[in-house]
Structure formats: structure tokens, C-alpha cells
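Input: a single structure, listed below in C-alpha cells.
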Amino acid sequence: MTADKGLSLYTNLDLDEADNAAEIQRIYQEWAARYDQDNDEALGTVSQPTMVELFARYAPHPQMTLLDVGCGTGLVGHYLGQAGFTHFDGTDLSDDMLAYAAPRGYRSLFPANLSKGLPVADDAYDGCLCVGVFTHGHVGPEGLAELTRITRFGGLIGFTINEDVLEPYGFDKAIERYVEGGHWRLKCHQISDYMVKKGVKGIYVIAEVIDAAKQGA
Ligand SMILES: C[S@@+](CC[C@H](N)C(=O)[O-])C[C@H]1O[C@@H](n2cnc3c(N)ncnc32)[C@H](O)[C@@H]1O
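Just so we're on the same page, this note's numbering is the position in the sequence shown counted from 1, plus 3.
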């Protein structure tokens, strides 16, 4: 294996895979050990600290219960801890990535596939974060329904979208549907730096779940 094989697999991910879980697991198995280093040195990824900083502006209190979906090696958890959050769990498709998240302050970590449904009860969390997952060949807008399902009425969802997939994957239309359909109230919707060394921007969204079906839950 060459040192940059994981990064190279990630960069060249086949976008047309219909059910890509096995391919994603293979990529992150190759990449897990070098992921943090490549994020900094090769990609210049700033999505994790940027999202946590934005999320903290709208979070009612740092003891809120959170699920970090697609937590990977736990970089979001690292920044959540720095920002004073204390009750966060993590989940990811890749056991190899989860192994690195263990020392990063999560209450619990478990494997799950966001595209197939998380083993989490409705309204279980005060909020969730999903950073770096809505990108080439990973998870499409169907993942937004699952984030909404597990977040209680009045809770917050924070997620990023790689700008390259915003329209091609239909995230722009999906966000409109959640807002116009009365499921979310947008707190933040901005485009800013995502992978600085690649010149890629991301859309940072924070939404309050106001789905009427959840009222009183
Ligand atoms: C670019 S990494 C981002 C990791 C972390 N959130 C961060 O910001 O550093 C994408 C992560 O999404 C996970 N992932 C991809 N598809 C997934 C799915 N269907 N369900 C859960 N996690 C998934 C990958 O295993 C990987 O850890």
C-alpha cells in the first residue's frame, strides 16, 4: 500500500455506485491511519472547526445531547470538547475510522449506515452534526430524513455539503422542501471554506427541527 492510497481512493471515488457502503468502507480502511494528517496537510480541511463554531452559536447549552453522524476519526468530537460540549455520541459506517475516535470525548461510539437507517429512536437527541458526509459518492439527501427523525422537536441539525454535490445530488431542492414544508427553520445557511488546499467550499447548514408531527413528543 502506498502512503497516500486512502486519499487517492477518496479523491477518485466512483460517483455512480448505487450502493456504495462496501466501497466506502474499503476507502476508509485504507485511509483511517493517515486521515487526520491528510485532512490538514493535503486537503486543508476546515469543516470540523467551522461547523462546531457555528453550531455553538445556536446551541442552547453545552450539555445538550448530540450525535455526530459520520464521525470518522472524531475530529468534530475534538472541537466539540474544546467548545465545552459534554454529552456527545458518535456513529460511522467504518469501524476503522471509529477506532481513532475512541479517545476524543464521545460517550459512546457505534457503527451504522446513515443511508440504511440509524439504530437510534425517534427524537432521541437534542441535536446532531454531520460533517464531511454529504459529499462525492458518500450519502445523498436521503440522509437528511434520518437526521431529522432522531432529533427532537426544537433540536438542532448541523451539516455540511461539499459545494460540488449541492445541485447534482439535489441537496438544494431537499433543503427547500424541509423549510417550505415546515419541518425546519434555518438558523444558518452559508457557503465558506471547506477544503482550503483544494479550493473547495462547503455549504454549512444549521436548522431547528420544527416538524409539527414532533410537537409534544
Ligand atoms: C470525509 S469523512 C468525515 C469524517 C468526520 N465527520 C470529519 O469531519 O472528519 C466521511 C465519513 O463519513 C462516513 N460515511 C460515509 N458513508 C456513510 C454512511 N452511509 N453512513 C455512515 N457514515 C458514512 C465515512 O466512513 C467517513 O468516516
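Here a beta-carbon is modelled for each residue, glycine too, at the ideal position from N, C-alpha and C. Being a predicted model, the structure only gives us computed values, none of them experimental.
Query, Result
"Looking only at its chain, what residues have a beta carbon closer than 8 Å to the beta carbon of residue 114, apart from the 5 residues adjacent to it on each side?", "94, 95, 96, 97, 98, 101"
"Is it right to say residue 64 is buried, meaning 16 or more other beta carbons lie within 10 angstroms of its own, or is it exposed?", "exposed"
"Please state the DSSP three-state secondary structure of residue 109.", "coil"
"Whole angstroms is fine: what's the gap from residue 18's alpha carbon to residue 141's?", "Annotation note: pLDDT 48 at residue 18 (below 50); position unreliable, no value reported."
"Say the cut is 7 Å; is the CB of residue 74 nearer than that to a heavy atom of ligand 1?", "yes"
"Return the CA-CA distance between residue 194 and residue 206, expressed in angstroms with no decimal places.", "4 Å"
"Quick check on the DSSP output: what are the complete alpha helix (DSSP H) runs of length 4 or more inside the stretch 17–84, in order along the chain?", "24–34, 38–41, 50–61"
"Between the C-alpha atoms of residue 80 and residue 204, what's the straight-line distance to the nearest angstrom?", "22 Å"
"Among the residues of its own chain, which have a CB less than 8 Å from the CB of residue 1, if the five just before and after it don't count?", "It is not possible to answer for residue 1, since the shown part of the chain is limited to 4 through 220."
"Leaving out five residues before and five after residue 122 in sequence, what residues of the same chain have Cβ atoms less than 8 Å from its Cβ?", "113, 115"
"Rounded to a whole number of angstroms, what is the C-alpha to C-alpha distance between residue 73 and residue 108?", "15 Å"
"Under the three-state reduction of DSSP, which class applies to residue 14: helix, strand or coil?", "helix"
"Mind checking which residues open and close the beta strand (DSSP E) that includes residue 156?", "154–165"
"DSSP three-state call for residue 204: helix, strand or coil?", "strand"
"Within a Cβ cutoff of 7 Å, which residues of the same chain sit near residue 13, ignoring the five residues on either side of it in sequence?", "30, 34"
"For residue 8, which three-state DSSP category applies?", "helix"
"Can you give me the Cβ contacts of residue 2 inside the same chain, cut-off strictly under 6 Å, excluding the 5 residues immediately before and after it?", "The chain is shown only over 4 to 220; residue 2 falls outside these bounds and no answer can be derived."
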